[in-house]
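Count along the sequence shown from 1, then add 37; that gives the number in my numbering.
Ideal placement from N, C-alpha and C gives every residue a C-beta, glycine not left out.
Report on the structure given below.
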Amino acid sequence: MKDTPLSNCERDFLLKAIEEKKRLDGRQTYDYRKMKITFGTDYGCCFVDLGKTRVMAQVSGELVAPKENRPNEGIMFFNIELSPMASPAFEQGRQSELSVKLNRQLERCLRNSKCIDTESLCVVSGEKVWQIRVDVHMLNHDGNLMDAASIAAITALCHFKRPDVGIQGDEVTVYSPEERDPIPLSIYHMPISVSFSFFQQGTYLLVDPCEREERVMDGLLMIAMNKHREICSIQSSGGIMLLKEQVMRCSKIASVKVSEITELISKALENDKRARKAGGRCGFAESMPQERITALKTDETSVEMTDASERANDIVENAEVPPQTVPSPVVPAPGVGQEMWLRYLTVKRRKWSFFIQKHRTNLLKMQHPVPTRRGQKRQNKDRKNESKNSLNCI
Numbered sequence: 038m039k040d041t042p043l044s045n046c047e048r049d050f051l052l053k054a055i056e057e058k059k060r061l062d063g064r065q066t067y068d069y070r071k072m073k074i075t076f077g078t079d080y081g082c083c084f085v086d087l088g089k090t091r092v093m094a095q096v097s098g099e100l101v102a103p104k105e106n107r108p109n110e111g112i113m114f115f116n117i118e119l120s121p122m123a124s125p126a127f128e129q130g131r132q133s134e135l136s137v138k139l140n141r142q143l144e145r146c147l148r149n150s151k152c153i154d155t156e157s158l159c160v161v162s163g164e165k166v167w168q169i170r171v172d173v174h175m176l177n178h179d180g181n182l183m184d185a186a187s188i189a190a191i192t193a194l195c196h197f198k199r200p201d202v203g204i205q206g207d208e209v210t211v212y213s214p215e216e217r218d219p220i221p222l223s224i225y226h227m228p229i230s231v232s233f234s235f236f237q238q239g240t241y242l243l244v245d246p247c248e249r250e251e252r253v254m255d256g257l258l259m260i261a262m263n264k265h266r267e268i269c270s271i272q273s274s275g276g277i278m279l280l281k282e283q284v285m286r287c288s289k290i291a292s293v294k295v296s297e298i299t300e301l302i303s304k305a306l307e308n309d310k311r312a313r314k315a316g317g318r319c320g321f322a323e324s325m326p327q328e329r330i331t332a333l334k335t336d337e338t339s340v341e342m343t344d345a346s347e348r349a350n351d352i353v354e355n356a357e358v359p360p361q362t363v364p365s366p367v368v369p370a371p372g373v374g375q376e377m378w379l380r381y382l383t384v385k386r387r388k389w390s391f392f393i394q395k396h397r398t399n400l401l402k403m404q405h406p407v408p409t410r411r412g413q414k415r416q417n418k419d420r421k422n423e424s425k426n427s428l429n430c431i
């Protein structure tokens, strides 16, 4: 399924706003969107929010045989998954051109930069080494997937801890976290990718483009750098010709942004370490936005349920049996019923007398109704007929 293309009006509006140094979300030209980093309950699980772009990275490790040309080094494997949940333009089970491009750029940024000591991942030379796998899942696509993926991947690698290993002769024993504390990876530096989008044949430059800005851009430049201002990788796409001065300007901006992001990652790692040590809450629940329903939530109170059943049994056994109460028979007082009946008849009699006095005239009319004019004529006619009949009989 393809994305809905932008109309000419939308395209002209975006380009006109960029010319006036304005952006849709109110940012300045070199501003990043709001970033939030959260860790899962397990080590090596990281969740990154870059504006509305959401990425999750999961790091795992297993013991495998090393490569023949590098028997003393571990293996790093990266995989980026673009699911339809992130955007309707991504298809399930099919590797798109964008996923291949992002995967290659992530490998150049993290594996080719030698940011991880792969020799420390060797267990038995030529037989057993650790294979570190980094799976990056795109949860929502709102532009600049490469930057979000690189931040999530390097943060997850810094957060990951592999199990400790013991060697006795030819046997390799992997200890659980309960038996021995897991060991973190040896990371030399943290390379982070910064993306620059160009418009109007390189005339205008934006940092951290959103999804709509990526549709109208002419070219994209991605620079991976660490906080020591060492360029780990650089890649340009879109077919736009860039000058040397433009590349140098982008590298200076990238060095500032990388320092800010590295400091943010370090703070997030320290906060998570402090929360786990104190036994506080950690996980993706803290990254959920506070809506109207969840804004008023309160912390759950701890209830001790260790010996609740024993206490309940003791209370039941030691409780005193209440005395049995025998209901007393109800004996009516003498003369009470007769007195009530006489009072009832008196009240009824008064009501009937009042009713009769009020409707006396109506009752008399009902007994002796006043004849109407038509009734009088009929009575006179009947009387005449009776008199005639009596005369005939005589």
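query	result
Beta-carbon contacts of R217 that lie in its chain and below 6 Å, excluding the five residues immediately before and after	D201
Three-state secondary structure assigned by DSSP to A189	helix
Buried versus exposed, by CB contacts within 10 Å (16 or more), M72	buried
Cβ shell of S44 (< 6 Å), same chain only, five flanking positions each side left out	none
Under 8 Å between C-beta atoms of S223 and D172	no
Helix, strand or coil at V368 [DSSP, three-state]	At V368 the pLDDT is 46, less than 50, meaning the model places this residue with poor confidence and gives no usable figure here.
Neighbour-count burial assignment, R420, 16 or more Cβ in a 10 Å radius	exposed
Cβ-based neighbour list, D336, same chain, cut-off 8 Å, excluding 5 preceding and 5 following	In this prediction, D336 has a pLDDT of 49, which is less than 50 and means its spatial position is unreliable; what the coordinates show is noted afterwards. Closer than 8 Å at Cβ, skipping near neighbours: no residue.
Cβ of C46 within 8 Å of any chain D Cβ	Absent from the structure: chain D. Only one protein chain is present.
M93, DSSP secondary structure in three states	strand
Cut-off 8 Å between Cβ atoms - residues of its own chain near R386, not counting five sequence neighbours on either side	none
Beta-carbon spacing of S270, N181 below 8 Å	no
Sequence-distant residues of the same chain with beta carbon closer than 7 Å to A123, five excluded per side	M175, L176, N177, H178
DSSP state of L280 mapped onto helix, strand, coil	coil
Proximity winner among Y241, A126, Q129, K310, relative to C195 (alpha-carbon distances)	K310
Beta-carbon proximity of C83 to T192, cut-off 8 Å	yes
Exposed unless 16 or more other CB atoms sit within 10 angstroms - verdict on V96	buried
Proximal residues to S187 (C-beta, below 6 Å), its chain only, five neighbours per side dropped	C146, I229, S230
Beta-carbon proximity list for Q168, same chain, < 6 Å, skipping 5 on both sides	E99, V101, I112
Three-state class that DSSP yields for P67 in the structure shown	Note that residue 67 is Tyr in the sequence shown, not Pro. Y67: coil per DSSP, three-state reduction.
Assumed close pair Q238, M259 - CB separation to whole angstroms, cut-off 8 Å	Actually they are not in contact, since the Cβ atoms of Q238 and M259 sit about 19 Å apart, beyond 8 Å.
Secondary structure of L333, DSSP reduced to three states	In this prediction, L333 scores a pLDDT of 49, lower than 50, which makes its location untrustworthy; the coordinate-derived value is nonetheless stated afterwards. Looking at L333 - three-state DSSP - the assignment turns out to be coil, as it is neither helix nor strand.
Status (buried if at least 16 other CB within 10 Å, exposed otherwise) for D207	exposed
Segment limits, beta strand (DSSP E) that includes Q205	202-205
Own chain partners of D4 with C-beta closer than 7 Å, once the 5 adjacent residues on each side are dropped	Residue 4 cannot be examined here, being either before or after the span of the chain that is shown, 38 to 431.
CB contact flag (L52, V253, <8 Å)	yes
Coarse secondary structure for A54, derived from DSSP in three states	helix
Through-space distance from E307 to A315, alpha-carbon basis	12 Å
8 Å Cβ shell around V160 - same chain, five flanking residues per side excluded	L100, V166, W167, V202, I204, V209
Per-residue burial, M93 [other beta carbons within 10 Å of its own, 16 or more giving buried]	buried
Whether S136 touches I117 by CB criterion (8 Å)	yes
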